[in-house]
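Working notes, structure below.
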Amino acid sequence: MVKNIIEYFVNRHRLTNIFCLMVLVGGVFSWFSIPKEQLPDISFDIVRISTSYPGASAEEVEKDITIPIEDELQGVDGIHSVISSSSRGSSSIRVELEPGYPDKNEAIADIKNAVSDVDLPIEIREDPSVQVFKTSKRAIIDIAIYLDDIKYLDKENRQKLQSYMFSLEDKLLSMPQVNSIGRSGYLKEEIQIIANPEKLYEYRVSLNSLSSAITKNNISRPAGSLDDEKESKVVLDSELNTADKINDLTVQGGFEGKSVRISDLGIVRNGYEDTSLIMKVNGYQGIILNVVKNSQYGILDSIDTITQAVANFENIRLKDTNVKLVLLDDESTDVRNRLSLIGINGFIGFVIIVLLLMIFLDLTSGFWVAIGIPFTFCTSIILMKLSGMTINNTTLAGVIIVMGMVVDDAIVVAENVARLKREGVEFTKAAIEGTCFVFKPILASILTTCVAFIPLFFFQGRFGKMVSFIPPIIFFMLGASLLEAIIVLPGHMSLTRFPFRKKKPSIHSVEKSQKKQNWFIKIETSYEKLLLKLLKHKIWITIVFISLLALSLLILKFKMSFVMFPDEETREARISGEMKSNTTSIETAKVCERIESVLQKYLGNEVVGFRTQIARSHFGSAAKENRFNIGVEIVQKEKRKKSADILLKEWENQIEDIKGDFKKITFSKSRFGHDSGSQIEVNIRENNNVLREKVMNTIVSELEAAGLFKNIETGEPLKYPEYRVEFLRDEIKRLDIDPSVVSDTFRTAVQGSVLFDFKVENEDMEVILSIPDEHKDTLEKILAVPAENKRDYLVPLKSLVTYRLVDSPDSIDREDRKRTVKVYADLKKESKMTPLEAAVYLEGSIFPKIQSSYPSVILDFTGEIKDSRDSGKDFVYAVILTLLLIFFILLILFDSLTKPLIIMLSIPFGAVGVIFAFWLHGIVQYGFFAVIGAIGLAGVVVNDSIVMLAKMDIMTEGKKFITNLDIANAAATRLRAVILTTLTTVAGVFPTAYGFAGYDAMLGQMMLVMCWGLLFATGITLVLVPCIYSFLYVNPNFKEEK
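Laid out in structure tokens, this is it:
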């Protein structure tokens, strides 16, 4: 049937050319219409539940919100783990679903229903937020806005800045490319009613009655319709939506008594919500807009449109003002870099491939094989478009991986057809028979390559979801290359003239062309003679290769190590630290100004911009006013002369004189894949607070004593003074006071109460009732605030309660219903250990002693170590699955148990080239993507051996005795195809491996693996495979004819 298909298209050149042209045109149109994204559209198996409980302590949040939600989640199927953090005023719960759970949408719906069923305190005005993280909902760019001559914003400057921010935000939201915009550093405007306790006593008005009066007078509701002809509507519009209206409101009075207005009891003002968080950009307090694009638009077009809109806004609205805009964290940068990488490196590779084809094949064959590259790429783009995929960093990685392989099968076909032509076979017949002859080997080669990437579908976790998009691209491109090799190429190879020649070649020109190819025939003859000699010493040859394999394994064992993500160059750096525990946010910010002044010198050169965050959540725990984090965005590696390590060292040296002002300060590079930035994360689980703290301190002491670790930190929460107030119930009963009145009065006095809210230009504005700051800086002053009884008599709170002072944590972390604390650390360079080796060291020397003393404590690792171990299991399964699938395909092709094993020898021996290449390049740590490349390499290195062994089988078929001469002769006929397919594949990955057009940290090691693994595997194919074949099939007693 295959022969009929090939013959059909060979005899219909016009149809073949039209088909080819349609694919090329369709690919071009698909390229311009397919969305370009940073990442594939992935919904991770993580659900986040966030709840705000203003004014509550961490223990209250845990008791009233976190634990009730955790209890309700226990009945939901499909949940793998529940991790929570309860901090002052908020609860955050992270629910991880079971990997591979069949109905995740149902599980997510059940989680949402479970959360909605929880009875929460009435003070919680907003329902818990339940969100599933999707890559399509990530911000694609951050737009920072600040006043370039104002370091810290007062009320007037904030009002000015936020008005500009609203204008810019409205402009962006009106664009179809923008889905939503988040805000950082923005404060909600509110109307603040500040009641003076002394005036409350004077006018005999309580906070509760004041709150009730204001709330009851805020009326905005429809009253219905009149029975007139037009059915006129009646609306009660008496909303207290300005400070003046509230200030003038009468809250007490009558026919005989004097009216009491709110202006008599305190002040009403417009202000902003209170927060300890300080957000600065390039050293100035500002606001950052996090722009999320519409999923219907690609990231490149969206970023271009957004940046143009920002530039227009800057030129028109911000001209001659002190308002500045800065674009940060442009997520399209990586996509553009990778597209550039493919474009430039792909062009370099293409040129090298074409040159190789022209050298090793005749001009006609080389030209038609080269045409297969754009044909394959265009076919793949069309298939990606039809399957709903996007152009993104992951799919582009798949394109780069397979770029050099797409002509392999075409080379085998063209080389075989050209050989038949040289032997005098008629062109059309040569095209048909030559293609049919190699169809099974090239089909097996493509299948083995494809199955090598199938295990990527089964990798777990977030990285597994990412790499699962690589195999379809491999399948598309290799399938397209097979289609081109059996449908398009044979028809072109059957032509009797080159496409740009107007007349057929003469006999003289054909002979001349054949003479040009004689140079390689001489190489084939030399190789045949050399191989014949080597086959006579096959035992020693085999011993040499086995010795190389053993040596490489020793190097791998003792000189190299696996690290999930090796310490590569980065575009993000972090300076973080903390001050003394009682330092306020503004005091912390003032000290950070010296660091900011150092970074400002690098703006526009090595630094794109930086953002300072004071009192921001650290490692997912509660925000602390004495902690800061400065995130620095560095320009691309290719556009600066200094490495990230050198920059960090320079910055550290320039603030050496003020290091003493910090309790702790660290300079570090961001680490791909992990938010904490630490190599070691030890998780301690124990509900007993005393035991948990003892274990934490023990681990810290052991890490310091070991001398192997640096930047040792703990996630231990800070302790804050907390007043525990208890009601004097007998006294409250005697004075006829409702306990809820006492509770509400306390909350209004301490935290402030939200009376109601209303819309102002689409923004929610809340009305807050509280007392002056100077009346709530001590508990004694709070206790002087009056509460009213049921007969409207005022009683000070101090007569109704008693209290005690305790230390309370500012945050409480839990995992699977147990309280937890983490210890973080990094490895010193002189330790020469990987995180995995450090974990083994801790588990062997430190953990046993701790767990023997505290058996109830659970110790484990999170972060990189956990991901590395999970990936390690995936790698083992992937290797086993790959080998079994390759063996099965070869078994079908050769109908033999021994021949597949001979071919598969190239897999372990191919690893020899990888190990030696890494070692000689000084790479002692290989990462996640290097292993992915090695798994894919297993399917690629067998291809040459398949072609070689298939040829040997055919040439020795029917012979009673197989001789070394037969093997050498068969191997020589495949030499051109083997060398050419290897060189073209290497040419496709070589520029990316060495970063000719820019280095890609994700692809660099992966391409290096494939490059050197293939080169060494070629030696295996040309030397070791014939030797092993000779061992098994040559009769040593048979005398060869000379």
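Taken in order, the sequence shown gives residues 18 to 1059; the numbers are from the numbering used here. For each residue, glycine too, the CB sits at the ideal point set by N, CA and C.
By how many angstroms is the C-alpha of Pro391 removed from the C-alpha of Arg628?
As a working mapping, residue 628 is identified with position 611 in the sequence shown. As a working mapping, residue 391 is identified with position 374 in the sequence shown. Answer to the nearest angstrom: the Cα atoms are 44 Å apart.
Is Phe456 near Ile490, with beta carbons less than 8 Å apart?
As a first step, residue 456 is located in the sequence shown; it is residue number 439 there, counting from the start. As a first step, residue 490 is located in the sequence shown; it is residue number 473 there, counting from the start. In this structure, Ile490 does not lie closer than 8 Å to Phe456 by Cβ.
Mapping the DSSP letters down to three states, classify Phe272 as helix, strand or coil.
The sequence position of residue 272 within the sequence shown is 255, counting from 1. With a pLDDT of 48 at Phe272, under the threshold of 50, the modelled position of this residue cannot be trusted; read the value that follows with caution. Here Phe272 sits in coil by DSSP.
What number of angstroms, rounded off, separates the C-alpha of Asp291 from the C-alpha of Arg831?
Working through the sequence shown from its first residue, we reach residue 291 at position 274. Working through the sequence shown from its first residue, we reach residue 831 at position 814. Going by the C-alpha atoms only, they are around 28 Å apart.
Can at least three beta-carbon pairs, one atom from the stretch 105 to 122 and one from the stretch 186 to 202, be found at a separation below 8 Å?
In short, these stretches do not touch, since the Cβ pair count stays below three.
Which residues share a DSSP beta bridge with Ser593?
Within the sequence shown, residue 593 is the residue found at index 576, counting from 1. In the DSSP output, where bridge partners are listed per residue, Ser593 has Asn646, Thr683.
Near Asn213, what residues of its chain come up, given a Cβ to Cβ distance below 6 Å and the 5 sequence neighbours on each side ignored?
Here the question's residue 213 lines up with position 196 in the sequence shown. Answer for Asn213: Gly283, listed in chain order.
Do Gly421 and Val838 have their beta-carbon atoms positioned less than 8 Å apart in this structure?
Taking the sequence shown and counting its residues from 1, one reaches residue 838 at position 821. Taking the sequence shown and counting its residues from 1, one reaches residue 421 at position 404. Going by C-beta atoms, Val838 is not nearer than 8 Å to Gly421.
My guess is that Thr1062 and Cys1044 are in contact by the Cβ rule of under 8 Å, so how many angstroms apart are they, rounded?
This structure leaves residue 1062 out entirely; the chain is present only between 18 and 1059.
Which residue or residues does DSSP assign as beta-bridge partners of Val823?
Against the sequence shown, residue 823 aligns to sequence position 806. For Val823, which the question treats as bridged, DSSP gives the partners Glu739.
To test your reading of the DSSP string, which unbroken beta strand (DSSP E) runs of 3 or more residues are found completely within the stretch 55 to 105?
You should have 60 to 69, 96 to 104.
Quick check on Pro1043: does DSSP put it in helix, strand or coil?
Translated into positions along the sequence shown, residue 1043 becomes position 1026. Correct three-state label for Pro1043: helix.
Report yes or no: do the stretch 113 to 123 and the stretch 841 to 860 share at least 3 C-beta pairs separated by less than 8 Å?
Not touching, per the Cβ criterion.
Tell me the DSSP bridge mates of Ile160?
What you label residue 160 is simply residue 143 of the sequence shown in a count that begins at 1. Paired residues: Leu306, Leu344.
How is the alpha helix (DSSP H) around Asp265 delimited, first residue to last?
The residue labelled residue 265 in the question sits at position 248 within the sequence shown. Run containing Asp265: none; DSSP gives neither H nor E here.
So, are the CB atoms of Phe864 and Leu817 less than 8 Å apart?
For this step, residue 864 is matched to residue 847 along the sequence shown. For this step, residue 817 is matched to residue 800 along the sequence shown. Result no, Cβ atoms of Phe864 and Leu817 do not sit closer than 8 Å.
Determine the burial state of His82: buried for a count of at least 16 other Cβ atoms within 10 Å of its Cβ, exposed for fewer.
Position 65 of the sequence shown, counting from 1, holds the residue named residue 82. For clarity, residue 82 is Ile in the given sequence; the question names His instead. It is buried - the Cβ of Ile82 has at least 16 other Cβ atoms within 10 Å.
Drop a sphere of 10 angstroms on the beta-carbon of Phe679, count the other beta-carbons inside from all chains shown, and report buried for 16 or more, exposed for fewer.
Sequence index remark: in the sequence shown, residue 679 carries index 662 (1-based). That one is buried.
The beta strand (DSSP E) that contains Tyr841, what's its start and end?
Here residue 841 refers to the residue found at position 824 of the sequence shown. Start and end: 835 to 844.
Which of the three DSSP states is assigned to Phe627 in this structure?
By 1-based counting over the sequence shown, the position of residue 627 is 610. Three-state DSSP puts Phe627 in a strand.
Classify Gly732 as helix, strand or coil using the three-state DSSP reduction.
Position 715 of the sequence shown, counted from the first residue, corresponds to residue 732. Note: Gly732 maps to coil in three-state DSSP.
Give the C-beta separation of Ile210 and Ile785 to the nearest angstrom, bearing in mind that I take them to be a contact with Cβ-Cβ under 8 Å.
Numbered from its first residue, the sequence shown carries residue 210 at position 193. Numbered from its first residue, the sequence shown carries residue 785 at position 768. With a Cβ gap of about 7 Å, Ile210 and Ile785 count as contacting.
So, for Leu280: in the same chain, excluding its five sequence neighbours on each side, which residues have a beta-carbon less than 8 Å away from its beta-carbon?
On the sequence shown, position 263 is the one that residue 280 refers to. The residue asked about is misnamed: residue 280 is Ser in this sequence, not Leu. So the qualifying residues of the chain are Asn264, Asp265.
Scan the stretch 894 to 946 and note each continuous beta strand (DSSP E) run of 3 residues or more that stays entirely inside, going in chain order.
As far as the stretch 894 to 946 is concerned, it has no whole beta strand (DSSP E) run of at least 3 residues.
Beta-carbon separation of Lys835 and Glu703 under 8 Å?
Counted from its first residue, the sequence shown places residue 835 at position 818. Counted from its first residue, the sequence shown places residue 703 at position 686. Cβ distance < 8 Å, so Lys835 and Glu703 count as in contact.
Kindly list the residues whose CB is nearer than 8 Å to the CB of Asp774, restricted to its own chain and excluding five residues on each side of it in sequence; keep chain order.
Position 757 of the sequence shown holds residue 774. Excluding residues within five positions, the ones whose Cβ falls inside 8 Å are Asp781, Met782, Glu783, Val784.
Where does Arg886 fall in DSSP's three states?
Mapped onto the sequence shown, residue 886 falls at position 869. Helix, per DSSP.
Along the chain, which unbroken stretches of the beta strand (DSSP E) at least 3 residues long are found entirely within the stretch 208 to 250?
236 to 242, all fully within the stretch 208 to 250.
What do you reckon, are the CB atoms on Val352 and Lys53 nearer than 8 Å?
Position 335 of the sequence shown, counted from the start, is the residue given in the question as residue 352. Position 36 of the sequence shown, counted from the start, is the residue given in the question as residue 53. Contact: yes.
To the nearest angstrom, how far is it from the Cα of Trp1029 to the Cα of Tyr544?
By one-based count along the sequence shown, residue 1029 stands at place 1012. By one-based count along the sequence shown, residue 544 stands at place 527. So the two alpha carbons sit approximately 22 Å from each other.
Determine the DSSP secondary structure at Ser598, reduced to helix, strand or coil.
Residue numbering aside, residue 598 sits at position 581 when the sequence shown is read from its first letter. Three-state result, Ser598: coil.
Buried or exposed for Glu753, going by 16 or more other Cβ atoms inside 10 Å?
Position 736 of the sequence shown holds residue 753. Note that residue 753 is Asp in the sequence shown here, rather than Glu. The residue in question, Asp753, is exposed, as its Cβ has fewer than 16 Cβ neighbours within 10 Å.
Determine, using beta carbons only, whether Val959 and Thr465 come nearer to each other than 8 Å.
To locate residue 959, count along the sequence shown from 1; it is residue 942. To locate residue 465, count along the sequence shown from 1; it is residue 448. It is a contact, given that the beta carbons lie within the stated cut-off.
Short of 6 Å in beta carbon distance, which residues of its chain neighbour Glu719, apart from the five on each side in sequence? Order them along the chain.
Numbered from 1 along the sequence shown, position 702 holds the residue referred to as residue 719. Excluding sequence neighbours, Glu719 sits near Ile863.
Per DSSP, what kind of secondary structure is Ile13 in: helix, strand or coil?
This structure does not reach residue 13, given that the chain is present from 18 up to 1059, and the question cannot be answered.
With DSSP run on the structure shown, which of helix, strand or coil describes Asp794?
As a working mapping, residue 794 is identified with position 777 in the sequence shown. Asp794 falls in the coil class under three-state DSSP.
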